[in-house]
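K.L.:
Read in this note's numbering, the sequence shown has 871 at position 165, and its numbers run on one by one without any break. In this text, a Cβ means the ideal position worked out from N, Cα and C, and glycines have one as well. Have a look at this one.
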Amino acid sequence: MTTGVFRWRAVGVLLGLLLLIFVAWLLFAETLARRSLESIGTRVMGAKVEIGSLDLGPGRATLEGVIVASPFEPFRNLFEADELAAEVAVLPLLEKKLVIERLAANGMRFNTRRESDGRVELEGGRGGLIDPRTWSELFDFPALDLVTGEVSVDDLDADSLYTVQEARALTRRADSTWSGWQARIADVEDSVTATVEAVETMLERLSRARITDIGLINDARKTVEQVDATVDRVTGLEGEVQGTLDSLEAGVAGLQDAKRRDYERARQLLRLPSLDANAVATALFGPVAVERFQRAVYWSELSRRYMPPGLRPRARPGPARLRRSGQTVQFPREGAYPGFLLQTAEASLSLGDEPGVEGAEGAAAAAEYAGRLTGLTSAPALYGRPTELDVQAPGVAVAGLFDHTGDTPRDSLGATLSGVRLDTLSLGGLPIRLAPGALDTRMSFSLEGGELRARMSMDADRVEWLREESAAGGEVENLVWRVVSGVSRLELSAQLTGSLENPGLSVRSNLDRAVADALRAVAGEEIAAAERRVRAEVDRLVGDKISAADSRVATLRTQVEPLLAAQDERLREAKRQLEERIRELTGGVRLPGES
707 MTTGVFRWRA VGVLLGLLLL IFVAWLLFAE TLARRSLESI GTRVMGAKVE
757 IGSLDLGPGR ATLEGVIVAS PFEPFRNLFE ADELAAEVAV LPLLEKKLVI
807 ERLAANGMRF NTRRESDGRV ELEGGRGGLI DPRTWSELFD FPALDLVTGE
857 VSVDDLDADS LYTVQEARAL TRRADSTWSG WQARIADVED SVTATVEAVE
907 TMLERLSRAR ITDIGLINDA RKTVEQVDAT VDRVTGLEGE VQGTLDSLEA
957 GVAGLQDAKR RDYERARQLL RLPSLDANAV ATALFGPVAV ERFQRAVYWS
1007 ELSRRYMPPG LRPRARPGPA RLRRSGQTVQ FPREGAYPGF LLQTAEASLS
1057 LGDEPGVEGA EGAAAAAEYA GRLTGLTSAP ALYGRPTELD VQAPGVAVAG
1107 LFDHTGDTPR DSLGATLSGV RLDTLSLGGL PIRLAPGALD TRMSFSLEGG
1157 ELRARMSMDA DRVEWLREES AAGGEVENLV WRVVSGVSRL ELSAQLTGSL
1207 ENPGLSVRSN LDRAVADALR AVAGEEIAAA ERRVRAEVDR LVGDKISAAD
1257 SRVATLRTQV EPLLAAQDER LREAKRQLEE RIRELTGGVR LPGES
């Protein structure tokens, strides 16, 4: 029986299967791709990403009706886009990598309203330093209140005070230092004793020597050198001991700084208000400033999670399995394509529901807004160039640079807004809100590694103050209202410095002094008396610990210094006797073989 080259029945089944796959691709590919993009975008952004439709073609992709919810506000969208059109490189797709050569965005609107809360849980960090959602919790804003009644200091816990902790640590350090020194001092004492005995032996030999005993005299000179070496050893230990004792005494002096920090800590724990103008500014406008800074921190941290610096291996969760899912570790290779690369993105922008600039001129200018993003990639070191952002519009200028090409990421952002309206701002937790109207805002943000530098300023000529009618009017609220309600101009500036995990905030405004003076006029003496009670309680709790640390360091000095001084004196006396005997023998004459 003969068979043909092809089994036509099998070929027919294969062609049918391929046809079914092709039909399934036509029917479901765009839906699956759209849902995958929504899922990935939502996970990365920490907010819902919704896509109306997706059209795929050779080397291109078009998304319509794109909505990205705000990760900061529950019922706001970060932006909407009528259309996103992408030109995709084909060859990298064969390596399961996505390279978008050009992305054009049309009809973008920012800060639009939505019906539901679009925020979701942010995925765990992949190289980020902090959780950007809770970063604002690092700040403890001072209380803006008046003292009523007797202030109880019973809640102060000695173990929570900086001075107590540092004093105990200093005492432990002094004890461990003494334990470490005992063995070294004993070793030095043995060395000194051996050297002194060698000198005594040499003196005994020299007592019967004559000037012609050149070899013996040279041996004596070598003994002098041995004494010098031992003196150097003792002197080196003395210098080391002196440096450590000076450091311990500096630590004791630093306990006074710790005590001053405890005064402020106790004030905050007991919610004592500060009458200092700087503290008033932080209480009134600190949350407003931190909210603005937190958005820059959020985007910077997001870039570090998904744009890791350098060529270091990157781990991510492995495929889901019933047991031992493990991790997938990628090792970047120079010259290879990044897993994701957006070379150039261009967009036309508007600011959403309300015109961003006052009047018809601002509304008409919305279509002229333009933005450009270049070099967005999942592997900056492979791409070799930083990510750059540039937005230009009437009254709006934004520029950003995210340089993760090296091992230390450097992120910077600058923004200037002129004549832009903001929503009303809450005033330090009081039932008073500020409607700034059209204002000028400037912001600069720089994060290099973990070091943060940021500035922000707001200036408005015609501000309005709103008071919540439902709130019961307290004395502080009434005082603040009387001060601010007569002010029509706002000048506000804020600055952040320090590390990302421990930032320092400084706030200034043109209202600080007036509000502080009003509070001082009403409750200055009560607050001062409460502060005196708090300081006295802190002094009581830390006094014994400071005295104990001071006494232990002083005792350590009296223990160590006399011991080393005595050994040094023994050596120098032995050397003096030996050199004197050598001079008696030689009469100061230089002998043959003497170096």
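1) How many whole angstroms separate the CB atoms of Phe-991 and Val-1213, which I take to be in contact at a CB cut-off of 8 Å?
2) Quick one: what's got a C-beta closer than 7 Å to Gly-877's C-beta in the same chain, skipping five residues either side?
3) Pull up the distance between the alpha-carbon of Asp-1109 and that of Asp-938, whole angstroms please.
4) Figure out for me which residue from Ser-1191, Ala-989 and Phe-1151 has the closest Cα to the Cα of Gly-1135.
5) Are the CB atoms of Phe-781 and Val-996 nearer to each other than 7 Å?
6) Based on Cα-Cα distance, which residue from Tyr-868, Leu-1277, Asp-968 and Leu-1284 lies nearest to Glu-895?
7) May I ask you to list the residues that DSSP assigns as paired with Ser-930?
8) By how many angstroms is the C-alpha of Leu-762 removed from the C-alpha of Ile-773?
9) From the DSSP output, read off the bridge partner residues of Phe-781.
10) Verify the contact flag: Arg-1188, CB atom, against every heavy atom of the ligand GDP, threshold strictly below 6 Å.
11) Across the segment 744-751 and the segment 788-798, are there enough close Cβ pairs to call them in contact, namely three or more that are closer than 8 Å?
12) What number of angstroms, rounded off, separates the C-alpha of Arg-1159 from the C-alpha of Gly-1101?
13) Sort Ala-1222, Val-933 and Thr-1264 by Cα distance to Arg-1188 and report the nearest one.
14) Measuring alpha carbon to alpha carbon, tell me which residue in Thr-899, Glu-821, Asp-1117 and Gly-949 is nearest Gly-1106.
15) On the DSSP bridge assignment, give the partners of Pro-1209 in chain order.
16) Is the beta carbon of Val-870 closer than 7 Å to that of Lys-1304?
17) Which residues bound the beta strand (DSSP E) around Ser-759?
18) Give me the Cα-Cα distance between Asp-1096 and Arg-1195, rounded to the nearest whole angstrom.
19) If you count every other CB in all the chains shown that lies within 10 Å of the CB of Ile-923, and 16 or more means buried, which is it?
20) List the DSSP bridge partners of Gly-1077.
21) From the DSSP output, read off the bridge partner residues of Met-1149.
22) Hey, how far is the Cα of Tyr-969 from the Cα of Glu-1243?
23) Whose C-beta lies closer than 6 Å to the C-beta of Ala-1051 among residues of the same chain, with five residues either side of it excluded?
24) What's the gap between the Cα of Leu-862 and the Cα of Leu-1206?
25) In terms of residue numbering, what span does the alpha helix (DSSP H) encompassing Trp-1171 cover?
26) Taking only the alpha-carbon atoms, compute the straight-line gap between Ala-792 and Glu-807 and give it to the nearest angstrom.
27) Going by DSSP, name the residue or residues bridged to Glu-786.
28) Name the DSSP beta bridge partners of Leu-1196, please?
29) Measure the CB-CB distance between Asp-952 and Gly-1016 and report whether it falls below 7 Å.
P.N.:
Put simply:
1) Going by Cβ atoms, the distance from Phe-991 to Val-1213 rounds to 5 Å, so yes, they are a contact pair.
2) Before going on, a small fix: residue 877 reads as Thr here, not Gly. Excluding sequence neighbours, Thr-877 sits near Ala-1254, Ala-1255 and Arg-1258.
3) Rounded to whole angstroms, the gap between the alpha carbons of Asp-1109 and Asp-938 is 53 Å.
4) Ala-989
5) no
6) Leu-1277
7) Note that residue 930 is Val in the sequence shown, not Ser. Paired residues: none, contrary to the question.
8) 19 Å
9) DSSP lists no partner for Phe-781.
10) Annotation note on the ligand GDP: not contained in the displayed structure, which lists no ligands.
11) no
12) Whole-angstrom Cα-Cα distance: 25 Å.
13) Ala-1222
14) Asp-1117
15) Gly-1204
16) Past the boundaries of the shown model lies residue 1304; the chain is included only from 707 to 1301, so the question cannot be answered.
17) 755-763 is the span of the beta strand (DSSP E), which, as asked, contains Ser-759.
18) About 31 Å.
19) buried
20) Ala-1053 and Val-1097
21) Ala-1121 and Met-1162
22) 9 Å
23) Leu-809 and Leu-1079
24) Their backbone Cα atoms lie some 29 Å apart in a straight line.
25) Run containing Trp-1171: none in the alpha helix (DSSP H); it sits in the beta strand (DSSP E), 1170-1173.
26) 7 Å
27) Glu-786 is bridged by DSSP to Ile-773 and Arg-815.
28) Ala-1166
29) No. Outside cutoff.
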